[in-house]
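What follows is a short report on a single structure.
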């Protein structure tokens, strides 16, 4: 299997590559933005990509415009969206525009590999029950796991330390921090912790 993986976060991309190579017999080409993805597809040579995985938030995507462009290049081969923060509304729009899958970056290694293999074989993948959940989570409403990560931030702990305590990969903690910053309208982890203290969100 030949996979195009486009994501601008080096740590996340390296972790995903490690996951996929460990679980699949895959040749993976890594790029960090949409321009790189377009170049990779246009110069893929005699062995085309079986599937392209695009980070929703990477440079050049311009919302879902980048998805449409890569789908046009890859057609009829499948393209899937990766994201740790995109809403279910965005996921639905992506599928309507031609994405063959929506993969939350918080999926475990085995599930992620199985989903990629499923998509590459011509099927469509969205996590079970994903669209049945509430599409519009309020910005201040946190999951139990997000609350645990936020508690770690308020205690001034590193992502690695939080992950060790909660039994999570460091990259997963990083995704939770990114989601927390979005939900709390914070510029960074420090401001997220300050907001949590000001609002008495952690008891």
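Numbering (my numbering), first residue to last: 1 to 203. Just so you know, even glycine gets a beta-carbon here, dropped at the ideal spot from N, CA and C.
- Item | DSSP three-state assignment for residue 133, whether helix, strand or coil | Position 133 of the chain shown, counted from the start, is the residue given in the question as residue 133. Confidence in residue 133 is poor, its pLDDT being 49 and thus under 50, which makes the residue's placement unreliable; the coordinate value appears in the next sentence. Residue 133 falls in the coil class under three-state DSSP.
Beta-carbon proximity check, residue 53 vs residue 94, cutoff 8 angstroms:
In the chain shown, the residue the question calls residue 53 occupies position 53. In the chain shown, the residue the question calls residue 94 occupies position 94. In this structure, residue 94 does not lie closer than 8 angstroms to residue 53 by Cβ.
Using beta-carbon positions only, say whether residue 17 and residue 38 come within less than 8 angstroms of one another. Position 17 of the chain shown, counting from 1, holds the residue named residue 17. Position 38 of the chain shown, counting from 1, holds the residue named residue 38. No, Cβ-Cβ distance for residue 17 and residue 38 is not below 8 angstroms.
>> What residue range does the alpha helix (DSSP H) around residue 34 cover?
In response: Sequence index remark: in the chain shown, residue 34 carries index 34 (1-based). From DSSP, the alpha helix (DSSP H) with residue 34 extends over 34-42.
Discussion item. Given this structure, state the Cα-to-Cα distance separating residue 203 from residue 176, to the nearest angstrom.
Written reply: The residue given as residue 203 occupies position 203 in the chain shown. The residue given as residue 176 occupies position 176 in the chain shown. Each residue's alpha carbon lies about 19 angstroms from the other.
- Task: Using beta-carbon positions only, say whether residue 58 and residue 7 come within less than 8 angstroms of one another.
- Result: On the chain shown, position 58 is the one that residue 58 refers to. On the chain shown, position 7 is the one that residue 7 refers to. Their beta carbons are under 8 angstroms apart, which means residue 58 touches residue 7 by this criterion.
Could you work out which residue in 160, 63, 13, 178 is closest to residue 208 when comparing CA atoms only? No answer is possible for residue 208: the residues shown for the chain start at 1 and end at 203.
Looking only at DSSP bridge pairs, what is residue 163 linked to?
As a working note, residue 163 is residue 163 in the chain shown. Partner(s): none; residue 163 has no beta bridge.
Handout entry: Close Cβ partners of residue 97 (< 8 angstroms) along its chain, the five nearest in sequence each way excluded
Key = For the purposes of this step, residue 97 is taken as the residue at position 97 of the chain shown. Same-chain partners within the cutoff: 64, 67, 68, 71.
- Which of helix, strand or coil does DSSP assign to residue 198? Along the chain shown, read from residue 1 onward, the residue named residue 198 stands at position 198. In this structure, residue 198 counts as helix in the three-state DSSP scheme.
Between which two residues does the beta strand (DSSP E) harbouring residue 10 extend? As a working mapping, residue 10 is identified with position 10 in the chain shown. That residue, residue 10, is in no beta strand (DSSP E); its alpha helix (DSSP H) goes 10-23.
field: Extent of the continuous alpha helix (DSSP H) run through residue 111
entry: The count along the chain shown starts at 1 and reaches residue 111 at position 111. Residue 111 -> alpha helix (DSSP H) spans 109-120.
Would you tell me roughly how many angstroms separate the C-alpha atoms of residue 154 and residue 174, rounded to the nearest one? Locating residue 154 in the chain shown gives position 154, where the first residue counts as 1. Locating residue 174 in the chain shown gives position 174, where the first residue counts as 1. Whole-angstrom Cα-Cα distance: 15 angstroms.
Does DSSP classify residue 177 as helix, strand or coil? If you number the chain shown from 1, residue 177 lands on position 177. Of the three classes helix, strand and coil, the one that applies to residue 177 here is helix, per DSSP.
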